[in-house]
Amino acid sequence: MSGRTDTARVRKAWHAQIMDPAYGLGEIIYAPTASKARYQKLLGADCDSITFASIRVRRMPDEDIILPAVDAVTAALDEEAKSVLNHTLINQRFYTATDDKAICSLVQAGLMKDTGRGWNEGESYFVLTDAGHTAAVSLRPIYPDYPGYRA
Numbered sequence: 492m493s494g495r496t497d498t499a500r501v502r503k504a505w506h507a508q509i510m511d512p513a514y515g516l517g518e519i520i521y522a523p524t525a526s527k528a529r530y531q532k533l534l535g536a537d538c539d540s541i542t543f544a545s546i547r548v549r550r551m552p553d554e555d556i557i558l559p560a561v562d563a564v565t566a567a568l569d570e571e572a573k574s575v576l577n578h579t580l581i582n583q584r585f586y587t588a589t590d591d592k593a594i595c596s597l598v599q600a601g602l603m604k605d606t607g608r609g610w611n612e613g614e615s616y617f618v619l620t621d622a623g624h625t626a627a628v629s630l631r632p633i634y635p636d637y638p639g640y641r642a
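Residue numbering for the sequence shown follows this note's numbering, starting at 492 and increasing by one per position.
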């Protein structure tokens, strides 16, 4: 058994290699299927003579990225609160008024905390708690570069 929980989301890793010594040892590509990994490699090839058949793809489960599943608290958040979580995950902080509705709901849920530092009265930087980080990561798409891919 791999030790993964049934609720975790898996970003599958594939080793894609063009079967020509001039192209090196290949690379890890994240895609839901071998065929989509092969197609990504084909799109990234800099030569028109590369064919779909000349690309070898092998599954690399040890390189998978495990993303947490969306829990009930996170799923119940409104779109504005989810956007704040995403912004904070990317930028490591969120600066706004201390009485902002979305921020207050996230602080009450234990997903963010007030640093107490701000440029003006009634404003502050907010950062993610550990639970907030997990919630924000759970909202990320499994394959962010290819939103059309489904798990």
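The beta-carbon is built from N, C-alpha and C at its ideal position, and this holds for glycine as well.
Are the beta-carbon atoms belonging to residue i and residue j less than 9 Å from one another?
{"i": "V564", "j": "L619", "result": "no"}
{"i": "A507", "j": "R547", "result": "yes"}
Examine chain B for any beta-carbon lying closer than 9 Å to the beta-carbon of residue i, and answer yes or no.
{"i": "V628", "result": "Here chain B cannot be found, since the structure has a single protein chain."}
So which of the options has the shortest CA-CA distance to residue i?
{"i": "C538", "options": "P552, Y514, T524", "result": "Y514"}
{"i": "R584", "options": "K527, R608, V561, L630", "result": "R608"}
{"i": "S526", "options": "A560, I633, S545, Q599", "result": "S545"}
{"i": "L576", "options": "H624, T587, P552", "result": "H624"}
Mapping the DSSP letters down to three states, classify residue i as helix, strand or coil.
{"i": "R608", "result": "coil"}
{"i": "S526", "result": "helix"}
{"i": "T587", "result": "strand"}
{"i": "Y634", "result": "coil"}
{"i": "M492", "result": "Bear in mind that a pLDDT of 38 at M492, under 50, signals an unreliable position, so the model cannot answer this."}
{"i": "V564", "result": "helix"}
{"i": "L602", "result": "coil"}
{"i": "L516", "result": "coil"}
{"i": "I541", "result": "coil"}
{"i": "A504", "result": "strand"}
Quiz item: So does the stretch 582–598 actually touch the stretch 609–617, counting three or more Cβ pairs closer than 8 Å?
Solution: With a cut-off of 8 Å on Cβ pairs, the stretch 582–598 is in contact with the stretch 609–617, counting three or more such pairs.
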